[in-house]
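J.: Attaching a single structure in structure tokens format; questions to follow.
In this note's numbering, the protein residues as written are 1 to 648.
Here it is in structure tokens:
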């Protein structure tokens, strides 16, 4: 016949005493006299061989390990809440006990009389209150059940705790894991009121939430230490910004550039060390990876290329940025210097702007690129900009002029050679351009002039991703991005059997055609002023003017040498001009005949064209147009009237 198990919450002390006597005398658990949780707990304690009578078996004190991280975190998370709970019951004969997830007492506070009684029973910090140590009790049983409960009077397995009434609640973290228990006890030998039991449960929940917060803070601190160690160990010079462009961190290598005093700028705006800070905001808005900035350093204003990476949260919202400084002329790989970024292009021409926008986009990939354009259009500058905007920017950029290499040497230059492979070979051999560019970019300039035999070898390397040195046997894996450039029409070269079609299609995964300067004449003057700013102080630039004949020549010249020719002309008149006005006599002689020879061009027509275009550019504003032409307003009025009379 199945025995009856008591389902109601509490039984009378007399019945409990009867049940405990059966336990003590016969090791028998009478389920009919006990609550179910208590009966099951007693059976567990019998299995543990816990003696319900002997105190030595009931209270085992272990070493209190204060150095345990979880113990410290739980103590910190609970101190305030335990004090608040005690303040609510102070003077009513209670003690409050905190244990860890194993039932080890971490803290106990309470009224002096009952606290002394607890200490006499070895209920002190470090005491083991688990069921296998002292039998059924609210803390130890709560550890097993992981839910609130009360244990009072003879429900305690060991007789030395029969005077106690105890209410415990588990302390759980956000994942439901047990981190400890909270207990409130007194010696009234009767069940606690519901209000007190609920108060313990609420306090335990509050401690659990605070535990999560403390654990997060500890984790954040540790990650911060790891973060500091990590960013100080990388070779890059890094500045971290928050979403307001305030400096949040500067690593050691950046301090070597900015000076150790820059550490005091943390929390301040980036403008304290970078006067052109608006460029960072613009670069982030445009999705631009690189920009040029000047930084305040102990050596004065220092120019640098800066790689800007946005920091985004899980919702893809930008919360900051990382600025990686690469000083001008600094070569992080001690090999080949790349000086140019997309910031170095000056253009208002829509065709050129579209080209640069597309180049920025594909720079983030690893596809091969073929850059086509006339000599002097800036093909290598574009190649460097693509490299500096890519994930390979910290790796080598190796440039090879295929037209400048003798046919008999091009193989050894590209692929290297082993010692003794030919007469005059260096001892130990020599690495080729592919090996030198490992992990980075190999720029093959004038690819259209590469001999057919070398083209075949190059194609094999691009297909198989490894090279074999001249005179060597072992293949060497290579990881390089190829950017090629030419001023030739390669499809025509293919038709003439001077260029391999299969190599062309391997190189031209993406094609970029740089337009000649004559097709973007609106960029002539912005480029001129850009060059001037690199060579003249601001005061000299503000005072500089161009005679209108010079402006006409600049705009009408076809510029067969493109930007390179334009730069040479600017440098020429900088060395020949005698005052702040650039005249025809300051130009190279090959440009002067355009106004000195009557057959070349009519000077009046040239002047009229220049004035009309300048007026149109400035919205027919006389003052700004006169200033742009380098003449007075009255002079401009006279010339306009003269042109009108001529047209009439």
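Even for Gly, the Cβ is constructed at its ideal location relative to N, Cα and C.
Everything numeric in this text was worked out from a predicted model, so none of it was measured.
List, from N- to C-terminal side, the alpha helix (DSSP H) runs of 4 residues or more that fit wholly inside the stretch 264-308.
T.: Listed in chain order, the complete alpha helix (DSSP H) runs (minimum 4 residues) inside the stretch 264-308 are 278-286.
J.: Which of helix, strand or coil does DSSP assign to residue 598?
T.: Low confidence applies to residue 598: its pLDDT is 45, below 50, so where it sits in the model is not reliable enough to give any reading.
J.: Count the other CB atoms within 10 Å of the CB of residue 441; is the residue buried (16 or more) or exposed (fewer)?
T.: Classification for residue 441: buried.
J.: In chain order, what residues of the same chain lie with their CB nearer than 7 Å to the CB of residue 125, ignoring the 5 residues before and after it?
T.: Correct list, in chain order: 64, 105, 106, 107, 108.
J.: When you compare only the Cα positions, how much space is there between residue 141 and residue 86?
T.: Their Cα atoms are separated by approximately 23 Å.
J.: Candidates 586, 635, 639: which alpha carbon is nearest residue 609's?
T.: Checking every option, the nearest Cα to that of residue 609 belongs to 639.
J.: Taking only the alpha-carbon atoms, compute the straight-line gap between residue 572 and residue 225 and give it to the nearest angstrom.
T.: Using only the alpha carbons, I get a separation of about 56 Å.
J.: Work out the CA separation of residue 123 and residue 135 for me, nearest whole Å.
T.: The straight-line gap from Cα to Cα measures roughly 14 Å.
J.: What separation, rounded to the nearest whole angstrom, lies between the Cα atoms of residue 150 and residue 190?
T.: In a straight line, the C-alpha of residue 150 is about 10 Å away from that of residue 190.
J.: Which runs of the alpha helix (DSSP H), 4 residues or longer, sit entirely within the stretch 487-572?
T.: Runs found: 490-495, 501-507, 524-535, 538-543, 548-556.
J.: Pick out whichever of 324, 528, 394, 388 has its Cα sitting closest to the Cα of residue 347.
T.: The shortest C-alpha separation from residue 347 is found at 528.
J.: Just to confirm the assignment: which complete alpha helix (DSSP H) runs, minimum length 4, are found wholly within the stretch 384-436?
T.: Runs of the alpha helix (DSSP H) inside the stretch 384-436: 410-415, 433-436.
J.: Suppose only complete runs of 4+ residues qualify. What are the alpha helix (DSSP H) ranges in the stretch 107-170, listed by chain order?
T.: Counting whole runs of 4 or more residues, the stretch 107-170 contains the alpha helix (DSSP H) stretches 112-120, 131-134, 138-145.
J.: For residue 653, which of helix, strand or coil comes out of DSSP?
T.: Only positions 1 to 648 of the chain appear in this structure, which leaves residue 653 out of reach.
J.: Under 8 Å, with one C-beta from each stretch per pair, do the stretch 68-80 and the stretch 157-166 reach the 3-pair mark?
T.: Taking 8 Å as the limit for Cβ pairs, the verdict is that the stretch 157-166 does not touch the stretch 68-80.
J.: Taking DSSP as the reference, what is the three-state secondary structure of residue 244?
T.: In the structure shown, residue 244 sits in coil (DSSP, three-state: anything other than H, G, I, E or B).
J.: By the three-class DSSP mapping on this structure, what secondary structure does residue 441 have?
T.: Of the three classes helix, strand and coil, the one that applies to residue 441 here is strand, per DSSP.
J.: What three-state label does DSSP hand residue 200 in the structure shown?
T.: Helix, per DSSP.
J.: In this structure, does DSSP put residue 485 in helix, strand or coil?
T.: Strand at residue 485.
J.: Distance check for residue 264 and residue 500, CA to CA, integer angstroms please.
T.: In a straight line, the C-alpha of residue 500 is about 60 Å away from that of residue 264.
J.: Please report whether the beta-carbon of residue 315 lies at a distance below 8 Å from any beta-carbon of chain E.
T.: Included in the structure is just one protein chain, with no chain E present.
J.: In its own chain, which residues sit with a C-beta less than 6 Å from the C-beta of residue 48, not counting the 5 before and 5 after it?
T.: Excluding residues within five positions, the ones whose Cβ falls inside 6 Å are 132.
J.: Looking at residue 187: is its Cβ nearer than 8 Å to the Cβ of residue 114?
T.: Cβ distance < 8 Å, so residue 187 and residue 114 count as in contact.
J.: Terminal residues of the continuous alpha helix (DSSP H) containing residue 37?
T.: It spans 36-47 - the alpha helix (DSSP H) in which residue 37 sits, taken as one unbroken run.
J.: Write down the C-beta distance between residue 398 and residue 436 rounded to the nearest angstrom, noting that I regard them as a contact closer than 8 Å.
T.: That belief holds up - the Cβ atoms of residue 398 and residue 436 are roughly 5 Å apart, short of 8 Å.
J.: Using C-beta distances below 6 Å, list every residue in its chain close to residue 5, excluding the 5 sequence neighbours before and after it, in chain order.
T.: Note on residue 5: pLDDT 46, under 50, position unreliable in the model; no value is reported.
J.: Using only the alpha-carbon positions, how far apart do residue 303 and residue 396 sit?
T.: Approximately 21 Å, taken between the alpha carbons.
J.: Drop a sphere of 10 angstroms on the beta-carbon of residue 74, count the other beta-carbons inside from all chains shown, and report buried for 16 or more, exposed for fewer.
T.: Residue 74 should be labelled buried.
J.: Can you tell me whether DSSP reads residue 53 as helix, strand or coil?
T.: DSSP places residue 53 in coil when its eight states are reduced to three.
J.: Whole angstroms is fine: what's the gap from residue 495's alpha carbon to residue 489's?
T.: Distance between the alpha carbons of residue 495 and residue 489: 10 Å.
J.: Rounded to the nearest angstrom, what separates residue 168 and residue 138 at their Cα positions?
T.: Each residue's Cα considered, the two are about 6 Å apart.
J.: Between 586, 292, 267, 262, which lies nearest to residue 276 when the distance is taken from Cα to Cα?
T.: Cα-wise, what sits closest to residue 276 is 292.
J.: What are the boundary residues of the alpha helix (DSSP H) that residue 253 is part of?
T.: Residue 253 -> alpha helix (DSSP H) spans 252-258.
J.: Would you call the CB atoms of residue 449 and residue 485 closer than 8 Å?
T.: No. Outside cutoff.
J.: Going by other Cβ atoms of all chains shown within 10 Å of its Cβ, with 16 needed for buried, is residue 637 buried or exposed?
T.: Under this definition residue 637 is an exposed residue.
J.: For residue 368, which residues from the same chain have a beta carbon less than 8 Å from its beta carbon, with the 5 sequence-adjacent residues on both sides left out?
T.: Excluding sequence neighbours, residue 368 sits near 462, 481, 482, 483, 484, 506, 507, 508, 509, 510.
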